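Working notes, beginning with the structure itself.
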Amino acid sequence: MNAIVETQHLSFAYVWGKDVLRDVNLKVKPGSFHALLGRNGAGKSTLLKILAGALQPREGASWTLGADSRRLGVNEWRAIGFLSEAQPLFNGLTGAETLRFTRQFYPNWDSAFSDHLCKAMELPLDRKLGSYSKGERMKFLLLLAMAFHPRLLLLDEPFSGLDVVAKEQLIACLLETTGQEQWAVLCASHDIAEVERLADNVAVIDHGLLTLDEPLESLQGRYRRVQVFGAPAGETDAGMLHVTQSENGLSFVETGFSAVREAQLRTRYGPGVEFSSMPLREILVSVFTSTEARP
Amino acid sequence: MLPFPIQIQAGEPIYEQIVHAVKRALATGHLRPGDRFPAVRTISAELRINPNTVQKAVTALVAAGVLEIRSGQGSFVARSVIADRREQARTLEPLVERLVIEASRLGLDEEELLSFVQKQARKMKKT
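Chains P and V, in that order, give the protein sequences. Count along the first sequence from 1, then add 3; that gives the number in the numbering used here. Count along the second sequence from 1, then add 855; that gives the number in the numbering used here.
Structure (C-alpha cells):
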C-alpha cells in the first residue's frame, strides 16, 4: 500500500536555532486518521509545514502523496487540504465571496458538499470574515480545506479554543469523509478527548524525536496502571514506569501489558494486584514525563 | 438513535467498548437474534468516532459469532447466539460487586442477599 505521507530520517532546523526535528520516520497510510501529539514546541507544526511544502527539510527526505515534499506541484496542491489557526483570510470579504474566489483554484471543488458543510456547521456566509468568531473562523477554514475532496488533510490544532458545540460540528464534518474515501488525515492537537475518538493511529513527537507511532488500540492495550495492595516484594523491572511505593503498596505504569505479562505480574505480586486501563491523557502524561517511555 | 445503549468513556479502547455494549445489549434483550445491525457509518456518525474503529468492532463481533453479514443486506444479529461464560461474568461482575458492597453496608448476610436476588428474579418472571 502506498503511503500518503512518508518521511525518512527527516531533520529540520531553523537557521538561527537548534534541531527542531531529528531523524523522524513517519508513515501515514490511506484511510487513516493519524494524530500528531506532543508538548508545545515539540516540532508538530514544523513537520506539517514540511509536508505541505512550506519548509525545506535540512536532512532526510519526505514525500507527500508520493511526491517529494520539496517539489510539490499543482497536482499535489489540489489534493492537499491544510488548516492552521494562523492561516490568513481576507477579512474584508464575506464567506460566500471567499468561497467563490477559492473554488476557482480547485477543479474538484464540490459545491454541493460545500453547501452541505456550511449548513452542518451553521456558517454565516453573508457576513464578512473579519466579524467571524474564533469558532466560525476555524469551521470556515475546515470547509475551505475539505470542499475539494483532498486526499490528504493536514490539520494544525483544529480544536484549540473552540466551544463544545463547534468542536462537535467540526468532528461530525471530519467524520463524514473519513472512512468514506481513500484519504488520510494528519492532525496535530492538544485536545486529547477529541483525538481519542477520531484517531486510529497516534504519533508522539518529543523534543523533535518521534518517540511513539502506533495504532491507538495497541497503545491502549499495552499501557496499564498497576496497583499492588498490601506490602509487596520490592522487585521491579524495566517495563515499569513511575514506580511509587508507600505503606499502602506499590503503584506503577506498565508499558508492555499482555496476557503473558499479566500472568507474570500476578505470580510475582500475588492476589493483591489490580490492573486498570488508562485514558489516552494519562498515557501521554506518562510518555511525556518519562525518559524511558519507548516500548 | 442506536438500538443498543452505549456511552463512550475515556480509558478503555473504544472498539472494546462497542463490542462489550453489543454483547450486553444481547444479554439484556435490547438486541435480539435476527435484528438488523446498524451500518458502520451510522454508528460512527452517531457516536462521533472514527469509522475504522467501528469496523474493527464489527469484525470482532462477526468473528465471535454475535453478528453475521448477509451479502448485500448488511449485518444482522446472529440467529443463534451462544453467550460465552466469560462474557456473562464480565457483564455481571461489576453489578454483583456493587450489590455485595451495598448488602454488606446494610448489614445483610449472604443468605439474606441470595433470597433477595431470588425474590427479584421471580418477580420479573411473573411480569
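No residue lacks a Cβ here, since even glycine has one placed at the ideal position from N, Cα and C. Note that the structure is predicted; figures quoted are calculated from it, not measured.
Which word fits residue 200 of chain P, buried or exposed, when buried means at least 16 other C-beta atoms lie within 10 angstroms of its C-beta?
Classification for residue 200 of chain P: buried.
For a contact meaning CB atoms closer than 8 Å, what does residue 868 of chain V contact in chain P?
Correct list: 219, 220, 223, 224 and 280.
In angstroms, rounded to a whole number, what distance separates the CA positions of residue 907 of chain V and residue 887 of chain V?
Distance between the alpha carbons of residue 907 of chain V and residue 887 of chain V: 25 Å.
Do residue 35 of chain P and residue 187 of chain P have their beta-carbon atoms positioned less than 8 Å apart in this structure?
A contact, by the Cβ cut-off of 8 Å.
Under 7 Å Cβ to Cβ from residue 117 of chain P, same chain only, skipping five residues before and after it: list those, please.
Here the set comprises 102, 146 and 150.
Do three or more CB pairs link the segment 71-82 of chain P to the segment 47-56 of chain P at distances below 8 Å?
Taking 8 Å as the limit for Cβ pairs, the verdict is that the segment 47-56 of chain P does touch the segment 71-82 of chain P.
Hey, could you find the ends of the beta strand (DSSP E) residue 255 of chain P is sitting in?
Counting along the chain, the beta strand (DSSP E) containing residue 255 of chain P begins and ends at 252-257.
With a cut-off of 8 Å, does the C-beta of residue 930 of chain V fall near any C-beta of chain P?
False, the Cβ-Cβ gap to chain P never drops below 8 Å.
Mind pulling the chain P residues with CB within less than 9 Å of residue 1000 of chain V?
Lying before the first or after the last residue shown, residue 1000 of chain V is absent from chain V, which here runs from 856 to 982.
Taking the alpha carbon of residue 93 of chain P as the point to measure from, which residue in P/64, P/104 and P/9 has its own alpha carbon closest?
The option with the nearest alpha carbon to residue 93 of chain P is P/104.
Who are the near neighbours of residue 891 of chain V in its chain, counting only those whose CB is closer than 7 Å to its CB and skipping five residues on each side?
Excluding positions up to five away in sequence, the list reads 929 and 931.
With 9 Å as the limit, tell me which residues of the segment 131-148 of chain P have their beta carbon closer than that to any beta carbon of chain V; keep them in chain order.
Of all residues in the segment 131-148 of chain P, none has a Cβ within less than 9 Å of some Cβ in chain V.
Which same chain residues, not among the five before or five after residue 874 of chain V, have their C-beta less than 7 Å away from its C-beta?
Excluding residues within five positions, the ones whose Cβ falls inside 7 Å are 912, 915 and 916.
Residue 283 of chain P versus chain V: which residues are under 9 Å apart at the beta carbon?
Ordered by position in chain V, the residues that pass the 9 Å Cβ test against residue 283 of chain P are 865 and 866.
Comparing C-alpha positions only, which one of P/190, P/253, P/258 and P/291 sits nearest to residue 273 of chain P?
Comparing Cα-Cα distances from residue 273 of chain P to each of P/190, P/253, P/258 and P/291, the minimum goes to P/253.
Are the C-beta atoms of residue 908 of chain V and some chain P residue less than 8 Å apart?
Judged by the 8 Å Cβ criterion, residue 908 of chain V is in contact with chain P.
By the three-class DSSP mapping on this structure, what secondary structure does residue 99 of chain P have?
The answer is helix: DSSP assigns residue 99 of chain P an H, G or I state.
So is residue 877 of chain V in contact with chain P if we call contact Cβ pairs under 8 Å?
It does not: the Cβ of residue 877 of chain V has no partner Cβ on chain P nearer than 8 Å.
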